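Quick notes on the structure that follows.
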DNA sequence: GTAACTGCAAAATATTTGCATCCTT
DNA sequence: AAGGATGCAAATATTTTGCAGTTAC
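Chains as they are written, first to last, in this note's numbering: chain A, -19 to 127; chain B, -19 to 127.
In structure tokens, the structure reads:
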């Protein structure tokens, strides 16, 4: 894990600092996407709020994480598996559970191709499905709190 | 138009006030979705900022408009064609143009059905495509500014 | 007339910027 | 040593809340 974190940072020409290591670790450990507020909580407010903003921005610029749009004014971020600075390849679906609040990347479900009206050119597609996730399905005994 | 606006408000048990009429008129005239800031600009700041927030909230509650998620922290709203208070039927794709900034509902392009992993139950799907719209396509001479 | 809506003030929250200091390389 | 990153203070922006006055019905 330590090596993986250092690797990601160095590969992206970011200096290896406490806040970056810790926040990147959070993303690696987390099963789902994280909003700014989540990160503040999970670091125990160890870092200045501004540092968290700046860290997220630089991760976003480098393509280490991607943002997941939402209609609730709480943008969430998740690790990019195959993104680079030039090319965001987030061709997967995001799932937002209304029960536990978790947002996860469904890496295996690919965004279907669609036919746009004449004249439109598509560059990027975001698909966010909301509903109930497998851990919150009624009758599921493995229910667990959001991480 | 006047009749249509009154009709929508009365049907939804909202009293017919200046701000509601004006903001609803904006949506009816607008080719695309509107963010809070757009509405303030287009009304010439005629109404208090708080009134705009409250008007948007009540329209949203009544199902008169729906929100369009985005990754840029600027939630946009668009008229619902077939939504009711209980059932938001926004089964269409939203298109966000990177050139003119307009966000439009592609009413004719329906969200394709997808197969989720076992255990997931889908309630609502949001699909936002970004790229270049037909009016901003290179070589298109009918280019026009965002409304 | 009454309930609902608006505008103003202010609080609460979220985000950005400048700068001096500290840390990584 | 030099450049970049951090923390603090403060500016700016966004959203919510309370309340008194106004408007719709």
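Glycine is no exception: its CB is placed at the ideal position from the N, C-alpha and C atoms.
Just so you know, these numbers come straight off a predicted model, no measurement behind them.
**OP:** Please name the residues in the region 34 to 62 of chain B whose beta-carbon is closer than 9 Å to at least one beta-carbon of chain A, in chain order.
**Re:** 46, 47, 48, 49, 50, 51, 52, 53 and 55
Subject >> Within the region 0 to 56 of chain B, ranges of the alpha helix (DSSP H) (whole runs, at least 4 residues) >> reply: 16 to 22 and 29 to 42
Subject >> Beta-carbon spacing of residue 45(A), residue 92(B) below 8 Å >> reply: no
**OP:** With a 10 Å radius around its C-beta and 16 neighbouring C-beta atoms as the bar for buried, classify residue 123(B) as buried or exposed.
**Re:** Because residue 123(B) sits at a pLDDT of 48, beneath the cut-off of 50, its placement in the model cannot be relied upon, and the following sentence gives the value as read from the coordinates. Exposed, by the Cβ-count rule.
**OP:** Give a yes or no on whether the C-beta atoms belonging to residue 100(A) and residue 111(B) are separated by under 8 Å.
**Re:** yes
**OP:** Please decide whether residue 103(B) counts as near chain A, where near means a Cβ-Cβ distance under 8 Å.
**Re:** yes
Subject >> Same chain, Cβ closer than 7 Å to residue -8(B), neighbours up to 5 away in sequence not counted >> reply: 42 and 44
Original post:
So, does the CB of residue 73(B) fall closer than 8 Å to a CB anywhere in chain A?
Top reply: yes
Subject >> is_contact[residue 7(B), chain A] using C-beta, thresh 8 Å >> reply: no
Subject >> Backbone secondary structure at residue 111(A) - three-state DSSP >> reply: strand
**OP:** Under 9 Å between beta-carbons, which chain B residues line up against residue 113(A)? List them in chain order, please.
**Re:** 99, 100 and 101
Original post:
Going by other Cβ atoms of all chains shown within 10 Å of its Cβ, with 16 needed for buried, is residue 0(B) buried or exposed?
Top reply: buried
Original post:
Under the rule that 16 or more other beta-carbon atoms within 10 Å means buried, what is residue 57(B), buried or exposed?
Top reply: buried
Original post:
Quick one: is residue 106(A) near chain B, going by C-beta distance under 8 Å?
Top reply: yes
Original post:
Is the Cβ of residue 88(B) closer than 8 Å to any Cβ of chain A?
Top reply: yes
**OP:** Starting from residue 78(B), find everything on chain A with Cβ-Cβ shorter than 8 Å and list it in chain order.
**Re:** 103
Subject >> residue 5(A) versus 35(A), 28(A), 29(A) and 30(A), residue with shortest Cα-Cα distance >> reply: 35(A)
Subject >> Opening and closing residue of the beta strand (DSSP E) in which residue 71(A) lies >> reply: No beta strand (DSSP E) contains residue 71(A), which DSSP labels as neither H nor E.
Subject >> Limits of the unbroken beta strand (DSSP E) element including residue 86(B) >> reply: 83 to 90
Subject >> Whole-Å CB distance - residue 61(B) paired with residue 87(B), under 8 Å assumed >> reply: 7 Å
Original post:
If we ignore side chains and look at the alpha-carbon of each, how far apart do residue 25(B) and residue 16(B) end up?
Top reply: 11 Å
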